[in-house]
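Read through the structure below, which is laid out as structure tokens, and then see the notes.
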Amino acid sequence: MKQDRIHITGMSCAACAARIEKTLRKEKGIQSVQVSLALSTATVHYEPRVIGIRAIITKIAKLGYRATDRLSDPQAGIEAEAHAYRIRFIIAACLSIPLLWAMLAHISIWTAQWTPVLFMEPLFQLLLASLLQFGVGFPFYYGAYQALRHRSANMDTLVAISTSVAYFYSHYAMFQNGHHSAHPTLYFDTIAMIMTVVLLGKWLEAVARGKALKQLSALYSLQVKLVRVIREHREEWLTASQVQAGDRVVVKSGEWISVDGIVQFGTADTDESMMTGESAAVAKRSGDRVYAGTRCLIGSLHIEVDKKHEDTRLSQMIALVEAAQQGKPAIQRTVDRIAAIFVPIMIGCAAITYVGWLTFSSDPGASETAMRYALSVLLVACPCALGLATPISILIATGSSAQKGILFKEGRSLERLRQTDVVLLDKTGTLTEGLPQLEAIHAPEGNCARTLRLSAALASLSVHPLAQAIVRASRDKQSPIPEATKFEEWPGRGMEGYVDGKYVCVGNRKWLEELGVPFWRRKGLESIKQPALV
3 MKQDRIHITG MSCAACAARI EKTLRKEKGI QSVQVSLALS TATVHYEPRV
53 IGIRAIITKI AKLGYRATDR LSDPQAGIEA EAHAYRIRFI IAACLSIPLL
103 WAMLAHISIW TAQWTPVLFM EPLFQLLLAS LLQFGVGFPF YYGAYQALRH
153 RSANMDTLVA ISTSVAYFYS HYAMFQNGHH SAHPTLYFDT IAMIMTVVLL
203 GKWLEAVARG KALKQLSALY SLQVKLVRVI REHREEWLTA SQVQAGDRVV
253 VKSGEWISVD GIVQFGTADT DESMMTGESA AVAKRSGDRV YAGTRCLIGS
303 LHIEVDKKHE DTRLSQMIAL VEAAQQGKPA IQRTVDRIAA IFVPIMIGCA
353 AITYVGWLTF SSDPGASETA MRYALSVLLV ACPCALGLAT PISILIATGS
403 SAQKGILFKE GRSLERLRQT DVVLLDKTGT LTEGLPQLEA IHAPEGNCAR
453 TLRLSAALAS LSVHPLAQAI VRASRDKQSP IPEATKFEEW PGRGMEGYVD
503 GKYVCVGNRK WLEELGVPFW RRKGLESIKQ PALV
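This is the structure we're talking about:
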């Protein structure tokens, strides 16, 4: 049994996701399918000897969606979708202004005086409405056609039906009464309102999904795209997916480690806080294991790769978070069942509204009133907030927790969390925030400010977590940080340089003792005798 993830574009609501799942589950060789509307992906478990990934993608394409197995950061796809909706919304809004202006002219004498004659011309309104209906609205027609072709319905169906009724009724009324009629009863402004409002809703949906994905994108950003590899005694840059087990990768000071492997030679201090939560830097030497997503702070390493890119611990963490997105808790499954029948129900409600007003209203213009209220029912149902709220909430919760180092194996764990009264933490060492802080300074003769100032001068040139803690403490105290010269760092030891013409070193006790720095004791605290030597 094999598992693959497929990126899908073109889904408009939860009904689309449910239709893809239902169709693929009928295919021989597919064991299970989970489609995430929020991530625009499908996770498929299938038997490769019975059905291949190409056949699955082709099946999805026949449903009217675009699918590919070449997955990358989903943030880029969501941003592209948001951009497309924004462009369509702007075009729709520009085309709608004359139609809405003309509508206001019918209800306001003042507005009628300032309304251009062209805006009131039925043929001009027909032209704008046609551009909206068949230009801006073509994707809605396409989505509705694909849904109806497979005996289903989605949000596109609602939009296509409501705008088509308004367009063709107005078209009929205009030519039936003569397009030169002074006050023809036209509903082209209704098309403008529906298109503009729905596209605004779609744009906001895409923006919301993009913001929710930013937390998950923080994990994707740790995956280095290009890797420095030594092959045939020369360095070359390869993509992470091209790196094979057995390759030797070089990581230099300040760079992110891109692979899981064993250090062959070199020494460095690394930041593994994203993996372990521990804020202290970890010294790496020959024979030590390193992980993708961690950072080489000081020094350089030659690493022999022992795992493929998709098998690294970071990739497994990302897969775990994505699995939590895909897994559907009970509330999500309930929402999906409702979403599957939501569109037919709303169409039925619109039809009942129309028939009811037409039957029981004594108004001479009952047919127009009935149609207006029926269109209102279809309008308020678009877009479908019901099908989006639950997956977006799961996405935000799991993404935010992953950014803070808390991983959920599946989405249903979030649902159970509300029943939790006690949380037990079992972790080697101490629980930390992953970010060191300077708690206290002990210096002879009360020279704490001078000690911090000299230390911050060197620390400002380092990316080491402890050095950055010193810099933050200096800035919090609004202490000026002087410039350091002849700066040099020593992995696992410390840093040295000259500040204001004086030699200063910052490091661990063993290294300072090797440099001959004398220490003194007072009240159980140990400090350095010479404040210029830190």
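Under the numbering used here, the first residue of the sequence shown carries the number 3, and numbering increases by one thereafter. Note that the Cβ used here is the ideal one computed from N, Cα and C, for glycine as well.
Over the uninterrupted alpha helix (DSSP H) stretch that includes ALA17, give me the two end residues. Per DSSP, ALA17 belongs to the alpha helix (DSSP H) from 16-27.
If you follow the alpha helix (DSSP H) that LEU303 is part of, which residue opens it and which one closes it? In the DSSP assignment, LEU303 falls outside any alpha helix (DSSP H) and lies within the beta strand (DSSP E) extending over 303-307.
Going by C-alpha to C-alpha distance, which of HIS304, HIS311, GLN266 sits closest to GLY289? GLN266
In chain order, what residues of the same chain lie with their CB nearer than 8 Å to the CB of GLY12, ignoring the 5 residues before and after it? A distance below 8 Å between beta-carbons, with the five flanking residues on each side excluded, links GLY12 to the following residues of its chain, in chain order: CYS18, GLY66, TYR67, ARG68, GLY145.
What would DSSP say about HIS47, mapped onto helix, strand or coil? strand
Check ARG287 in the structure and name its three-state DSSP category. ARG287 falls in the coil class under three-state DSSP.
Enumerate in chain order the residues of its own chain whose CB-to-CB distance from VAL553 is below 8 Å, with the five nearest sequence positions on each side excluded. Given that the chain is displayed from residue 3 to residue 536, the structure contains no residue 553 and the question cannot be resolved.
Taking the straight line between their C-alpha atoms, what separation do you get for VAL501 and LEU460? Cα-Cα distance, rounded: 8 Å.
For a quick check, are the C-beta atoms of GLY268 and HIS235 less than 9 Å apart? Their beta carbons are not under 9 Å apart, which means GLY268 does not touch HIS235 by this criterion.
Distance between ALA44 and PRO467 (C-alpha atoms, nearest Å): 39 Å
Just checking my contact of PRO366 with ALA155 at CB under 8 Å: how many whole Å lie between their CB atoms? Contact between PRO366 and ALA155 does not hold, since the beta-carbon distance rounds to 34 Å and is not under 8 Å.
Would you report the Cα separation of LEU377 and ARG88, rounded to the nearest angstrom? 24 Å
Examine the Cβ distances between the region 95-106 and the region 154-170 and report whether three or more of them are shorter than 8 Å. no
Given that a residue counts as buried once 16 or more other Cβ atoms are within 10 Å of its Cβ, and exposed if not, what is CYS507? buried
C-beta atoms of VAL292 and ASP262 nearer than 9 Å: yes
Excluding sequence positions up to five away, which residues of its chain have a Cβ less than 6 Å from the Cβ of GLU306? ARG250, GLY263, ILE264, GLN266
CB of ILE347 to nearest heavy atom of the ligand ATP: below 8 Å? For the structure depicted, the ligand ATP is absent and the ligand set is empty, with no information on it obtainable.
Identity of the residue in ARG511, ILE10, LEU201, ARG153 nearest CYS96 by Cα: When each option's Cα is compared against that of CYS96, the closest is LEU201.
Just how far apart, CA to CA, sit SER14 and ALA40? Answer to the nearest angstrom: the Cα atoms are 11 Å apart.
Alpha carbon of PHE344 to alpha carbon of LYS28, nearest angstrom: 22 Å
Quick one: what's PHE126 bridged to in DSSP? Residue pairing by DSSP leaves PHE126 without any beta bridge partner.
Inside the region 135-207 only - alpha helix (DSSP H) runs reaching at least 4 residues: 140-151, 157-179
Restricting to runs no shorter than 3 residues, where is the beta strand (DSSP E) found entirely within the region 232-259? 236-241, 250-253
List the endpoints of the continuous beta strand (DSSP E) containing MET276. Not the beta strand (DSSP E): MET276 falls in the alpha helix (DSSP H), residues 275-278.
Element boundaries [beta strand (DSSP E), containing VAL424]: Careful: VAL424 lies outside any beta strand (DSSP E) and carries neither H nor E.
Nearest CA to the CA of SER172: which residue from VAL199, GLU370, MET277? Cα-wise, what sits closest to SER172 is GLU370.
Quick one: Cα of THR296 to Cα of HIS311, how far? Looking at the two C-alpha atoms, the distance is approximately 14 Å.
Which of the three DSSP states, helix, strand or coil, is assigned to THR60? helix
At the level of alpha carbons, what is the spacing between VAL167 and MET276? Answer to the nearest angstrom: the Cα atoms are 56 Å apart.
So LEU128 and MET197 are supposed to be a Cβ contact under 8 Å. How far apart are they, rounded? About 15 Å separates the two Cβ atoms, so there is no contact after all.
Contacting residues, own chain, Cβ-Cβ under 6 Å from PRO438 (five flanking each side not counted): SER281, PRO467, LEU468, ALA471
Can you grab the Cα-Cα spacing for the pair LEU535 / SER476, in whole Å? Residue confidence for LEU535 is low, a pLDDT of 43 falling below 50, so the modelled location carries little weight and cannot support an answer.
Note the first and the last residue of the continuous beta strand (DSSP E) segment covering SER481. Neither: SER481 is in no beta strand (DSSP E) and is coded neither H nor E.
Excluding the 5 residues flanking PHE489 on each side, which residues of the same chain have their C-beta closer than 6 Å to its C-beta? LEU463, GLY499
Which residue marks the beginning of the beta strand (DSSP E) containing THR70, and which one marks its end? THR70: member of the beta strand (DSSP E) spanning 68-70, first to last residue.
Rank TYR189, MET122, LEU299, LEU454 by C-alpha distance to the C-alpha of LEU134 and give the top, closest one. TYR189
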